[in-house]
Amino acid sequence: MIHFKAIWRIMGGLLILIGVLMLPAVTISWIYQENSLPILISATISLFIGLFLFFFIEKQDELIRKREGYLIVTLSWVFMTGFGMLPFILSKEITSFSDALFETVSGLTTTGASILTDIEAMPKGLLFWRSMTQWVGGLGIIVLTVAIFPLLGIGGIELYVAESPGPTSDKVHPRISETAKRLWYVYVGLTLAAAVLYWVGGMTLYDAINHALTTLATGGFSTKNASMAYYDSAFIQYTAIIFMFLAGTNFTMIYFGLMGKFGRVIKNDEFKAYLIGVLVISLVIFFPIYMKSDAGAELAFRKAAFQVVSLMTTTGFVSDDYTQYGQGVTFICFMLLFLGASAGSTAGGIKFIRHATFLKNTWLEFKRIVHPRAIVPLIINGERVTGRIINNIMNFLLIYLITFVIGSLVISLMGYDFETSLGAVATSLGNVGPAIGNVGPVDNFAFFSPAAKVVLSFIMLLGRLELFTILILFTPFFWRAN
Numbered sequence: 003m004i005h006f007k008a009i010w011r012i013m014g015g016l017l018i019l020i021g022v023l024m025l026p027a028v029t030i031s032w033i034y035q036e037n038s039l040p041i042l043i044s045a046t047i048s049l050f051i052g053l054f055l056f057f058f059i060e061k062q063d064e065l066i067r068k069r070e071g072y073l074i075v076t077l078s079w080v081f082m083t084g085f086g087m088l089p090f091i092l093s094k095e096i097t098s099f100s101d102a103l104f105e106t107v108s109g110l111t112t113t114g115a116s117i118l119t120d121i122e123a124m125p126k127g128l129l130f131w132r133s134m135t136q137w138v139g140g141l142g143i144i145v146l147t148v149a150i151f152p153l154l155g156i157g158g159i160e161l162y163v164a165e166s167p168g169p170t171s172d173k174v175h176p177r178i179s180e181t182a183k184r185l186w187y188v189y190v191g192l193t194l195a196a197a198v199l200y201w202v203g204g205m206t207l208y209d210a211i212n213h214a215l216t217t218l219a220t221g222g223f224s225t226k227n228a229s230m231a232y233y234d235s236a237f238i239q240y241t242a243i244i245f246m247f248l249a250g251t252n253f254t255m256i257y258f259g260l261m262g263k264f265g266r267v268i269k270n271d272e273f274k275a276y277l278i279g280v281l282v283i284s285l286v287i288f289f290p291i292y293m294k295s296d297a298g299a300e301l302a303f304r305k306a307a308f309q310v311v312s313l314m315t316t317t318g319f320v321s322d323d324y325t326q327y328g329q330g331v332t333f334i335c336f337m338l339l340f341l342g343a344s345a346g347s348t349a350g351g352i353k354f355i356r357h358a359t360f361l362k363n364t365w366l367e368f369k370r371i372v373h374p375r376a377i378v379p380l381i382i383n384g385e386r387v388t389g390r391i392i393n394n395i396m397n398f399l400l401i402y403l404i405t406f407v408i409g410s411l412v413i414s415l416m417g418y419d420f421e422t423s424l425g426a427v428a429t430s431l432g433n434v435g436p437a438i439g440n441v442g443p444v445d446n447f448a449f450f451s452p453a454a455k456v457v458l459s460f461i462m463l464l465g466r467l468e469l470f471t472i473l474i475l476f477t478p479f480f481w482r483a484n
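Residue numbers for the sequence shown, in our numbering: 3 to 484.
The structure is reproduced here in C-alpha cells:
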C-alpha cells in the first residue's frame, strides 16, 4: 500500500518553497514598476495550498519506501510545473497552455528551449521568475542525486555516490542533510561569484544575476534574444565558459577541490574524461571555425570552447551559430547532445560516467572473449563495479536510445522534417536547448503545434528524471499491493 498522506505533506512543503521563491520576482516587478499582481497571486496560491497540504493532512510515521520515492520525485516536478506556470498564464504574457507548459518544463528541467520570440519585451519580473525556475531545477536535481536517486537505484548513480561524502543505501541519516548542506553552499557560492564577475564584465546587475542563475543551473535561459552572443566581450564569455564547466562538474569534486583535496579530484575517472573531452573536442572544431571565418585564433578558440562547453554541459547558451561552419561541425555539435557532463552536477544528458563505464566494459569484454576463464573486473575510480550497476547502465542506454527513436518518430509523424525532429527530441531528452534543423542555435520552438510541445515537454521530464523514475509508474507491478 502506498502511503499517499506522507506524499501529499511533502508536496505541501514543496509548494511552500515554490511560493517563497516567487517573492523575489515580485520584488523585481516592484523595482521596475511593473504589474506584480500575477506573480504575487501565484505565490499566494502556492503558499495557501502548500500550507493546507502540509499542516492539515494527518502526519504518518511510516517510512518512505521505494514506491513512495518514485512518486515523490515525479510528482515534485509535476507540482512545480503546474504552479510554476501560473505567473506566465495570469500575466497573459503567455496565453496558450501548451506554451506555458513548455516554457515552465524547459525551465525546471534546465533545458533552456524557449517558445518566446521576443524575450527582451517580457516584463523583467517574469523573466526573473523564468530564470529562477532553472536555478530551482538545478538545485533540485543535485538534491535528488544525493538524497533520493541512490535509494531508488536509478541509472547506476551509485557510481557517483561511491565518490561522494553523501548517503549510501544502508547509511542514510544524518549524512543526507550534511551532504545537501555542503552542496547548497557550493551551488549558492558559485552563483554569487558568477553574478559578480558578469557584473564586473559589463552586464547590468539584473542581467548578471539572471545569467548567473541559469549558468550554474546549466539551463541557458537568457534575458537577451541573442543569448550570450549579445555580449561581445571576451571577459563575459570566458566567465561563462568557466562557470558552465564548473556547473557540469560533479559538485562533490568541487567541494573536495575547495577543501584542498586535489588528489581526489585528479584521480576521479569521470572528471578526467570530462576535462579531456572538453579540450579535445574544442580543438577539433577550432580548426574549421578558424579556417571558415575571418576570426583570429583567439576568437575562433573562444567560439569553439564556448559551444563545446555549452552543449556538453547541456547549458545551451549561444555565442555563435555553429551550423554555419559546415556539416562536420554541425554533426559534432549534434553528437554532443548525447554526452552530458558529470553525475552529481546540474547537467542533463547521459553523463560521462555512464559512457566511461560502457566503453571500459566493452573493451574488457574483448579480453574476456579471449580469456573466458579469467576474472576481469571493471574498475572505476579504484572501485570494482558490480554486475548490477553495469546492467543498470546498459538498460539505461538502451532505453535512452529507444526513447530518442520513438520520440523522433512521433514528432516527424506530426509533420516536421527529419532533421528538425531528430534535433528537437535529442535536445529535449538531453535537456540541452539548441540543436539542429529548425531548432538550431538561432531558432526557437514557437512554431511547434500544441501537441508537439506537450510531447517534447514530457520528453524533457523523462530525460531530467533519468527515465526510469517516470517510466516505472506505467508498469502494472508498481501499483500492486505488497
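The beta-carbon is built from N, C-alpha and C at its ideal position, and this holds for glycine as well.
What is the DSSP secondary structure of residue i, reduced to helix, strand or coil?
| i | result |
| --- | --- |
| Lys304 | In the sequence on display, residue 304 carries Arg and not Lys. Reduced to three states, the DSSP call for Arg304 is helix. |
| Glu160 | For Glu160, the predicted model reports a pLDDT of 40, less than 50, meaning its position is unreliable and no value from the coordinates is stated. |
| Thr416 | Here residue 416 turns out to be Met, not Thr, going by the sequence shown. Correct three-state label for Met416: coil. |
| Gln309 | helix |
| Pro40 | helix |
| Ser171 | Caution is warranted here: a pLDDT of 33 is assigned to Ser171, below 50, making its placement in the model unreliable, and the coordinate value is therefore given only provisionally. Coil at Ser171, not helix or strand. |
| Lys269 | coil |
| Thr254 | helix |
| Pro290 | helix |
| Trp481 | coil |
| Gly15 | helix |
| Arg69 | helix |
| Glu165 | In this prediction, Glu165 scores a pLDDT of 34, lower than 50, which makes its location untrustworthy; no coordinate-derived value is stated. |
| Glu105 | helix |
| Gln136 | helix |
| Phe223 | coil |
| Ile117 | coil |
| Ser295 | coil |
| Ile91 | helix |
| Gly142 | helix |
| Ile243 | helix |
| Ala231 | helix |
| Ile47 | helix |
If you draw a straight line from the C-alpha of residue i to the C-alpha of residue j, how long is it?
| i | j | result |
| --- | --- | --- |
| Ile43 | Met124 | 18 Å |
| Lys226 | Thr111 | 20 Å |
| Ala302 | Phe336 | 19 Å |
| Glu165 | Leu467 | Caution applies to Glu165, whose pLDDT of 34 falls short of 50 and renders its modelled position unreliable; the value that the coordinates give is listed next. Glu165 and Leu467: Cα-Cα distance of roughly 21 Å. |
| Arg390 | Leu431 | 25 Å |
| Lys263 | His357 | 26 Å |
| Ile392 | Lys362 | 11 Å |
| Glu300 | Val310 | 15 Å |
| Lys126 | Glu95 | 12 Å |
| Gly549 | Val28 | Given that the chain is displayed from residue 3 to residue 484, the structure contains no residue 549 and the question cannot be resolved. |
| Ser312 | Phe58 | 45 Å |
| Pro478 | Ile401 | 18 Å |
| Pro436 | Leu475 | 30 Å |
| Val188 | Glu122 | 31 Å |
| Ile352 | Leu399 | 8 Å |
| Leu424 | Leu53 | 43 Å |
| Tyr257 | Ser295 | 40 Å |
| Met314 | Leu341 | 6 Å |
| Met2 | Met134 | No statement about residue 2 is possible, as the shown extent of the chain runs from 3 to 484 and does not include it. |
| Trp32 | Ser48 | 20 Å |
| Val286 | Gly330 | 10 Å |
| Ser414 | Ile395 | 28 Å |
| Tyr72 | Gln35 | 42 Å |
| Leu19 | Phe223 | 22 Å |
| Trp10 | Ile51 | 11 Å |
| Val75 | Met230 | 32 Å |
| Gly157 | Phe470 | Reliability of the predicted coordinates at Gly157 is poor, the pLDDT of 41 falling under 50, and the value obtained from them is presented with this limitation in mind. Roughly 8 Å separates the two Cα atoms. |
| Val456 | Phe85 | 17 Å |
| Ala115 | Trp481 | 34 Å |
Within 10 angstroms of the Cβ of residue i, are there 16 or more other Cβ atoms? Answer buried if so, exposed if not.
| i | result |
| --- | --- |
| Phe333 | exposed |
| Phe104 | buried |
| Lys305 | buried |
| Gly139 | buried |
| Pro374 | exposed |
| Asp120 | exposed |
Please confirm whether any heavy atom of the ligand HEM lies closer than 7 Å to the CB of residue i.
| i | result |
| --- | --- |
| Ser78 | Looking at this structure, you won't find the ligand HEM or any other ligand, since it has none at all. |
Any beta carbon of chain C sitting closer than 8 Å to that of residue i?
| i | result |
| --- | --- |
| Ser78 | Note that chain C does not occur in the displayed structure, where there is just one protein chain. |
- Task: Within the segment 421-467, note down every full alpha helix (DSSP H) run reaching 4 residues or more, in order along the chain.
- Result: 452-466
- Task: Give, in chain order, every unbroken run of the alpha helix (DSSP H) that is at least 4 residues long and sits entirely within the segment 362-396.
- Result: none
- Task: Mind the definition here: the segment 23-42 touches the segment 79-90 only if three or more C-beta pairs lie below 8 Å; say whether that holds.
- Result: yes
- Query: Taking contact to mean at least 3 C-beta pairs separated by less than 8 Å, is the segment 200-216 in contact with the segment 232-250?
  - Reply: yes
- Are the segment 182-200 and the segment 242-249 in contact at 8 Å, needing three or more beta carbon pairs? yes
- Query: Is there contact here, the segment 436-446 with the segment 341-361, by at least three beta-carbon pairs under 8 Å?
  - Reply: no
- Task: Evaluate the contact criterion for the segment 283-297 versus the segment 182-197: three or more CB pairs, one atom per stretch, below 8 Å.
- Result: The segment 283-297 and the segment 182-197 do not touch, with fewer than 3 CB-CB distances between them shorter than 8 Å.
- Complete runs of the alpha helix (DSSP H) confined to the segment 306-356 [at least 4 residues]: 329-338
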